[in-house]
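To start, the structure itself, in structure tokens.
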Amino acid sequence: MKRAAFALCLALLVQASVVAQAAFDFETERQKLLELLADEHTDIGREFA
Numbered sequence: 027m028k029r030a031a032f033a034l035c036l037a038l039l040v041q042a043s044v045v046a047q048a049a050f051d052f053e054t055e056r057q058k059l060l061e062l063l064a065d066e067h068t069d070i071g072r073e074f075a
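Here the working numbering is used: the first residue of the sequence shown is 27, the next is one more, and so on.
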């Protein structure tokens, strides 16, 4: 019974991880990061763009 419960928990964890990765939009997050880096004092964001 413990093995079945462990397998179920593991399957749910893997499924949740896959869903979280699928929902992550890399380009949007990259753009947000570049906007945070590109402030009026430095051009770090533009250098890495």
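Cβ coordinates follow ideal geometry from the N, Cα and C atoms, glycine included.
Reduced DSSP category for residue i - H, G, I as helix; E, B as strand; rest coil
i          : result
residue 33 : helix
residue 52 : helix
residue 42 : helix
Residue i versus residue j: straight-line alpha-carbon distance, rounded
i          : j          : result
residue 31 : residue 63 : 45 Å
residue 57 : residue 43 : 23 Å
residue 60 : residue 52 : 12 Å
Contacts around residue i, its chain only, beta-carbon distance under 6 Å, and the 5 residues preceding and following it disregarded
i          : result
residue 17 : Because the chain in this structure spans residues 27 to 75, residue 17 falls outside the shown range and cannot be described.
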